[in-house]
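Below is one structure; the comments refer to it alone.
In my numbering, the protein residues as written are 1 to 289.
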């Protein structure tokens, strides 16, 4: 198992000139201090689609050097080009990544057979665990439970980040893969329900700015204290709504700016948060410090 509890899908702080490594270091240190179990670098929340190859390499190296042997560093290496995903996955392994997060190919709308071939090609090329990432709302393709169950037979495919938003589908994934693969929630709003059904934690956006709260919630669920975990999940719900009132990572970057972690800069085609939504976020953010 790569981790239990909370892994943060990290934002990437930017300046006008590139990646803000000072702010990134501060963000990383706050994650450890907040008790998270792992970090994900260059996931969707990190805006890799707008980063250059040299920027991605810089961020990967920085995070691995900072955290190697402290907590697992998971690198996002997904692409809609299988060869590119293989190349980046091999590179991440060579740099010292503990695991990979690989989103389903976006835009191409691969068949389920195509998804099996895509993930198998990546898994055959590396010797570290892979977390498949299912987020059909962004990619246009749904990694079905039976398909993931087949993929889970591969020794290097260890888990899935399930962000389909469909609890019945997530339950079916857990049912089909118990003892073979781990399921993580990919949605902050349903972390505890997923864990109650057998999920092992969350790959979280909210923990960028609320690592302690999110970690305590997942720790309660892992300990079987679902009364506490459910209470925390319900308290968190308005915060999660604020964090997803606009396209991720626009709101969480604004929250990071409000907390003094980094500038809220996002890259086009993303745009800054509207004043109205930013005010709502600012009002609730102190409750999760």
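Quick reminder that beta carbons are idealized off the backbone N, C-alpha and C, glycines included.
Source: prediction; values computed, not measured.
* Asked: Below 8 Å, can you find three or more Cβ-Cβ pairs linking the stretch 140 to 151 to the stretch 172 to 185?
  -> yes
* Nonlocal neighbours in the same chain, by C-beta distance under 8 Å from residue 2, ignoring five residues either side -> Taking the chain shown and counting its residues from 1, one reaches residue 2 at position 2. Result list for residue 2: 38, 72, 74, 98, 99, 129, 131, 158, 159, 182, in chain order.
* Same chain only: Cβ atoms within 7 Å of residue 199, ignoring 5 sequence neighbours per side -> Position 199 of the chain shown holds residue 199. Cβ neighbours of residue 199 beyond the five flanking positions: 174, 183, 184, 185.
* **residue 40 - containing beta strand (DSSP E), residue span** => Locating residue 40 in the chain shown gives position 40, where the first residue counts as 1. Residues 38 to 41.
* Return yes when the Cβ of residue 44 is within less than 9 Å of the Cβ of residue 90, no when it is not. => Start at 1 with the first residue of the chain shown, and residue 90 comes out as number 90. Start at 1 with the first residue of the chain shown, and residue 44 comes out as number 44. No, Cβ-Cβ distance for residue 90 and residue 44 is not below 9 Å.
* To do: Provide the residue(s) that pair with residue 132 in DSSP beta bridges, ordered along the chain.
  => What you label residue 132 is simply residue 132 of the chain shown in a count that begins at 1. Beta-bridge pairing links residue 132 to 102, 160.
* Asked: Helix, strand or coil for residue 209 per DSSP?
  -> On the chain shown, position 209 is the one that residue 209 refers to. It is coil, neither helix nor strand.
* Asked: Between the Cα of residue 191 and the Cα atoms of 178, 255, 213, which residue gives the shortest distance?
  -> Walking along the chain shown from the start, residue 191 turns up at place 191. Closest in alpha carbon position to residue 191, among 178, 255, 213, is 213.
* Own chain, CB closer than 7 Å to residue 50, minus 5 neighbours either side, in chain order -> The sequence position of residue 50 within the chain shown is 50, counting from 1. Excluding positions up to five away in sequence, the list reads 267.
* Would you call residue 8 buried or exposed, if buried means 16 or more other Cβ atoms sit within 10 Å of its Cβ? -> Sequence index remark: in the chain shown, residue 8 carries index 8 (1-based). With 16 or more other Cβ atoms within 10 Å, it is buried.
* Within 9 Å, strictly: CB atoms of residue 16 and residue 271 -> Working through the chain shown from its first residue, we reach residue 16 at position 16. Working through the chain shown from its first residue, we reach residue 271 at position 271. It is not a contact, given that the beta carbons lie outside the stated cut-off.
* To do: Within 10 angstroms of the Cβ of residue 225, are there 16 or more other Cβ atoms? Answer buried if so, exposed if not.
  => Within the chain shown, residue 225 is the residue found at index 225, counting from 1. Classification for residue 225: exposed.
* To do: Pull up the CB-CB distance for residue 123 and residue 156, whole angstroms please, since I reckon it's below 8 Å.
  => Position 123 of the chain shown, counted from the first residue, corresponds to residue 123. Position 156 of the chain shown, counted from the first residue, corresponds to residue 156. Sure, about 4 Å apart at Cβ, within 8 Å.
* Asked: Is the distance from the Cβ of residue 189 to the Cβ of residue 241 below 9 Å?
  -> Mapped onto the chain shown, residue 189 falls at position 189. Mapped onto the chain shown, residue 241 falls at position 241. Cβ distance < 9 Å, so residue 189 and residue 241 count as in contact.
* Compare the Cα-Cα distances from residue 204 to each of 31, 24, 26 and report the closest residue. => Counted from its first residue, the chain shown places residue 204 at position 204. Nearest of 31, 24, 26 to residue 204, Cα basis: 31.
* Asked: For residue 68, which option in 154, 250, 53, 92 has the closest C-alpha, if you only look at C-alpha atoms?
  -> Here residue 68 is taken as the residue at index 68 of the chain shown, counted from 1. With distances taken between Cα atoms, residue 68 lies closest to 92.
* Start and end residues, beta strand (DSSP E) containing residue 73 -> Here residue 73 is taken as the residue at index 73 of the chain shown, counted from 1. 73 to 76 is the extent of the beta strand (DSSP E) around residue 73.
* Cα-Cα separation, residue 137 to residue 53 -> Counting from one through the chain shown, the residue named residue 137 turns up at place 137. Counting from one through the chain shown, the residue named residue 53 turns up at place 53. Answer to the nearest angstrom: the Cα atoms are 26 Å apart.
* Asked: Exposed or buried, what is residue 33 when buried is set at 16 or more other beta-carbons lying within 10 Å of its beta-carbon?
  -> As a working mapping, residue 33 is identified with position 33 in the chain shown. Exposed: under 16 other Cβ atoms inside 10 Å.
* Should the stretch 60 to 67 be regarded as contacting the stretch 215 to 229, the criterion being three or more beta carbon pairs within less than 8 Å? -> no
* With a cut-off of 8 Å on the beta carbons, I'd call residue 215 and residue 36 a contact; round off their distance for me. => Translated into positions along the chain shown, residue 215 becomes position 215. Translated into positions along the chain shown, residue 36 becomes position 36. Residue 215 to residue 36, Cβ: 5 Å. Contact.
* Alpha-carbon to alpha-carbon, residue 23 and residue 106 -> Taking the first residue of the chain shown as 1, we reach residue 106 at position 106. Taking the first residue of the chain shown as 1, we reach residue 23 at position 23. The straight-line gap from Cα to Cα measures roughly 30 Å.
* **Unbroken alpha helix (DSSP H) run spanning residue 11, endpoints** => The residue labelled residue 11 in the question sits at position 11 within the chain shown. Note, residue 11: premise wrong, no alpha helix (DSSP H); not H, not E.
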